[in-house]
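Same order as they appear, the protein sequences are chains S and Z. Taking numbering that gives the first Met the number 0, I'd label the letters of the first sequence as residues 0 to 156. Taking numbering that gives the first Met the number 0, I'd label the letters of the second sequence as residues 0 to 328. Here a beta-carbon is modelled for each residue, glycine too, at the ideal position from N, C-alpha and C. These notes concern the structure reproduced below.
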Amino acid sequence: MKKVIKLTVNGMEKELLVDVHSTLLDVLREDLGLKGTKKGCNQGECGACTVLIDGNPVPSCSLLAVKADGKDVLTIEGVAEAGKLHAIQEVFNEKGAIQCGFCTPGMILVTKKLLDDNPNPDEQEIKEAIAGNICRCTGYAQIIEAIMALAGRKQVR
Amino acid sequence: MKPFRHINVPGVAEAVDYLNKFPGSSRLIAGGTDLLGVLKDDILPAYPELLINIKAIPGLDYLREDENGLSIGALVKLAFLARSPLVREKYKVLADAARSVGTPQLRNMATVGGNLGQETRCWYYRYPHGIGGRIQCQRKGSGPCLAVGGDNRYHVIMGGKGCFAACPSDLATALAALEGSIKTEGAGGGRIISIGEFFHPLGNALKAGEMIVELQVPPLPAGSRQHWLKYTLREPVDFAVVSVAVLTVLEAGICREARIALGAVAPGPLRALQAEQFLKGKEPIPEVLQEAAVLAVQGAKPLSKNGYKVEIARVLVLRALEASFAGHK
Numbered sequence: 000m001k002k003v004i005k006l007t008v009n010g011m012e013k014e015l016l017v018d019v020h021s022t023l024l025d026v027l028r029e030d031l032g033l034k035g036t037k038k039g040c041n042q043g044e045c046g047a048c049t050v051l052i053d054g055n056p057v058p059s060c061s062l063l064a065v066k067a068d069g070k071d072v073l074t075i076e077g078v079a080e081a082g083k084l085h086a087i088q089e090v091f092n093e094k095g096a097i098q099c100g101f102c103t104p105g106m107i108l109v110t111k112k113l114l115d116d117n118p119n120p121d122e123q124e125i126k127e128a129i130a131g132n133i134c135r136c137t138g139y140a141q142i143i144e145a146i147m148a149l150a151g152r153k154q155v156r
Numbered sequence: 000m001k002p003f004r005h006i007n008v009p010g011v012a013e014a015v016d017y018l019n020k021f022p023g024s025s026r027l028i029a030g031g032t033d034l035l036g037v038l039k040d041d042i043l044p045a046y047p048e049l050l051i052n053i054k055a056i057p058g059l060d061y062l063r064e065d066e067n068g069l070s071i072g073a074l075v076k077l078a079f080l081a082r083s084p085l086v087r088e089k090y091k092v093l094a095d096a097a098r099s100v101g102t103p104q105l106r107n108m109a110t111v112g113g114n115l116g117q118e119t120r121c122w123y124y125r126y127p128h129g130i131g132g133r134i135q136c137q138r139k140g141s142g143p144c145l146a147v148g149g150d151n152r153y154h155v156i157m158g159g160k161g162c163f164a165a166c167p168s169d170l171a172t173a174l175a176a177l178e179g180s181i182k183t184e185g186a187g188g189g190r191i192i193s194i195g196e197f198f199h200p201l202g203n204a205l206k207a208g209e210m211i212v213e214l215q216v217p218p219l220p221a222g223s224r225q226h227w228l229k230y231t232l233r234e235p236v237d238f239a240v241v242s243v244a245v246l247t248v249l250e251a252g253i254c255r256e257a258r259i260a261l262g263a264v265a266p267g268p269l270r271a272l273q274a275e276q277f278l279k280g281k282e283p284i285p286e287v288l289q290e291a292a293v294l295a296v297q298g299a300k301p302l303s304k305n306g307y308k309v310e311i312a313r314v315l316v317l318r319a320l321e322a323s324f325a326g327h328k
């Protein structure tokens with residue numbers, strides 16, 4: 000069974016014919032070619048497939064595309080503007096908060112949501128915000144450090 | 000995922016209608032965080048032909064408090080419950096339980112109804128069909144429980160019969176301490192099921208064609224305090240090895256009421272009635288609390304590999320009681 004859905008993806012309106020059993024993740028990656036959103040565990044546990052829907056982070060692997068009909072979707076491709084990296088991306092680069100890069104799109108998006116809601120989160124709030132995003136390279140230290148820097152806080156080690 | 004049909008329904012009546020028109024071949028979907036896992040791994044002998052999307056039913060995501068207590072619409076998201084100032088202030092164990100589920104991302108989608116209705120996490124039950132074929136068992140209708148002779152480290156230590164899978168719902172544990180119930184709608188009308196009667200060793204009390212529409216919490220005893228604890232292997236993104244929710248009432252230094260609910264140790268949330276009775280009328284001094292914690296796990300019958308859960312449950316009960324009574328000062 001197929002269905003036509005409308006999505007706003009990174010500010011652009013899209014009308015798509017999708018299988019009703021396709022996840023939003025597969026539609027983003029396969030139909031729209033937006034491969035920045037990663038398929039990790041495909042069970043909603045690792046956070047690599049995180050996108051913002053109407054501003055809130057959700058695991059796109061655990062959402063049927065038809066259920067996102069009419070929604071506003073932000074993927075990592077929509078974070079940089081006019082060819083210029085977002086401040087979060089810049090700081091992740093600077094602080095070495097990226098290694099293999101697989102968790103990075105999800106990490107950047109949950110960070111964006113965190114800072115949109117609360118520009119000055121403390122370390123605990125940062126840890127809670129990224130609790131749903133698994134990173135196997137950095138041990139999280141540089142990621143937390145990067146977000147602390149954005150939040151204008153000095154990390155207590 | 001294998002194909003299915005998907006329809007949006009405008010109301011509860013239509014959802015129940017479809018469930019009854021397609022008995023055994025339809026499933027409700029709300030947040031879908033649990034169901035999609037079940038479908039991707041194709042764990043059940045019958046794959047649904049139709050998914051009935053109830054997520055867009057208007058007016059089923061309310062949170063209301065009146066003289067009858069708290070009512071929570073089935074479509075309330077866990078993130079909303081966890082953040083609600085009312086719930087955090089008065090129904091702390093519910094907010095804390097909701098906050099302990101999954102990841103922030105999952106809590107943005109998962110609903111309270113789904114948390115109670117989710118499938119068990121038993122790894123034999125959940126074994127993916129794509130890797131050597133699904134595992135049949137009593138819970139799926141026929142066959143022995145492989146957990147009994149197999150790896151049962153996360154299975155029940157009390158109350159198993161035919162199936163030894165533990166209740167995965169954290170909200171159930173919190174609701175048990177609050178003596179809550181579940182309101183349903185079905186073809187023959189609605190009913191109210193107390194949380195203690197909702198879970199069975201082989202599944203839950205929902206009949207074919209019946210759906211959860213509301214959680215209900217009666218008014219709290221005056222002056223009561225609550226505490227929630229959940230033991231997991233890693234802090235976020237994990238199901239409980241053991242969870243505990245307690246509610247206490249202290250008057251002039253004497254315990255007037257104590258409710259202790261244990262989660263993930265049995266097919267449903269379990270009230271430690273003997274320990275509760277023991278505490279009543281006593282001063283909650285350390286020796287008394289230690290004795291109550293021992294009573295709370297008395298009668299546990301662990302399987303071959305989960306004896307450790309008995310000790311974790313005892314310690315969690317002790318710590319939760321200590322914290323709850325400390326809250327009265």
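(message) For the segment 162-175 of chain Z against the segment 257-266 of chain Z, do three or more pairs of beta-carbon atoms, one drawn from each stretch, fall closer than 8 Å, so that the two count as touching?
(response) yes
(request) Measuring alpha carbon to alpha carbon, tell me which of 18(Z), 89(Z), 68(Z), 318(Z) ends up nearest residue 283(Z). (result) 318(Z)
(request) Leaving aside the five residues before and after residue 103(S) along the sequence, list all residues of the same chain whose C-beta is less than 6 Å from its C-beta, in chain order. (result) 97
(request) Using the DSSP secondary-structure output, state which residues sit across from residue 210(Z) in a beta bridge. (result) 184(Z)
(request) Check whether the segment 123-135 of chain S touches the segment 91-105 of chain Z, taking contact to mean three or more Cβ pairs, one atom from each stretch, closer than 8 Å. (result) yes
(message) Contact defined as beta carbons within less than 8 Å: I believe residue 57(S) pairs with residue 108(Z). What is the distance between those atoms, to the nearest angstrom?
(response) 5 Å
(request) Starting from the Cα of residue 309(Z), find the closest Cα among 320(Z), 321(Z), 295(Z) and give me that residue. (result) 295(Z)
(request) Note down, in chain order, each residue of its chain lying with its Cβ closer than 8 Å to the Cβ of residue 28(S), except the 5 sequence neighbours on either side. (result) 34, 36, 38
(message) By the three-class DSSP mapping on this structure, what secondary structure does residue 71(S) have?
(response) strand
(request) Check whether the Cβ atoms of residue 125(Z) and residue 41(Z) lie closer than 8 Å to each other. (result) no
(request) Give the secondary structure of residue 117(Z) by DSSP, where H, G and I count as helix, E and B as strand, and everything else as coil. (result) coil
(message) Measuring CB atoms only, is the segment 205-216 of chain Z touching the segment 111-127 of chain Z, in the sense that at least three cross pairs come out at less than 8 Å?
(response) yes
(message) What does the alpha-carbon distance come out to for the pair residue 200(Z) and residue 106(S)?
(response) 40 Å
(request) Under 8 Å between beta-carbons, which chain S residues line up against residue 32(Z)? List them in chain order, please. (result) 43, 58, 61
(message) Tell me the rounded alpha-carbon separation between residue 181(Z) and residue 175(Z).
(response) 11 Å
(message) Let me check understanding here. Comparing Cα to Cα, which of 65(Z), 129(Z), 153(Z) lies closest to residue 307(Z)?
(response) 153(Z)
(message) Just checking: is the beta-carbon of residue 4(Z) within a distance shorter than 8 Å of some beta-carbon in chain S?
(response) yes
(request) Verify whether the separation of the beta carbon atoms of residue 186(Z) and residue 163(Z) is less than 8 Å. (result) no
(request) Please determine if the segment 11-29 of chain Z and the segment 44-58 of chain Z are in contact, where contact requires at least 3 C-beta pairs separated by less than 8 Å. (result) yes
(message) Buried or exposed, going by whether 16 or more other CB atoms sit within 10 Å of the CB of residue 155(S)?
(response) Residue placement at residue 155(S) is flagged as unreliable, the pLDDT there being 48, under the threshold of 50; the coordinate-derived value follows with that caveat. By the 10 Å Cβ count, residue 155(S) comes out exposed.
(request) Given a cut-off of 8 Å, decide if residue 157(Z) and residue 315(Z) are closer than it, judged by their beta-carbon atoms. (result) no
(message) Given this structure, state the Cα-to-Cα distance separating residue 18(S) from residue 3(Z), to the nearest angstrom.
(response) 9 Å
(message) Which residues in chain Z have a C-beta closer than 9 Å to the C-beta of residue 131(S)? List them in chain order.
(response) 101, 102, 103, 104, 105, 106, 235, 236
(request) Please state if the CB of residue 63(S) and the CB of residue 22(S) are separated by a distance shorter than 8 Å. (result) yes
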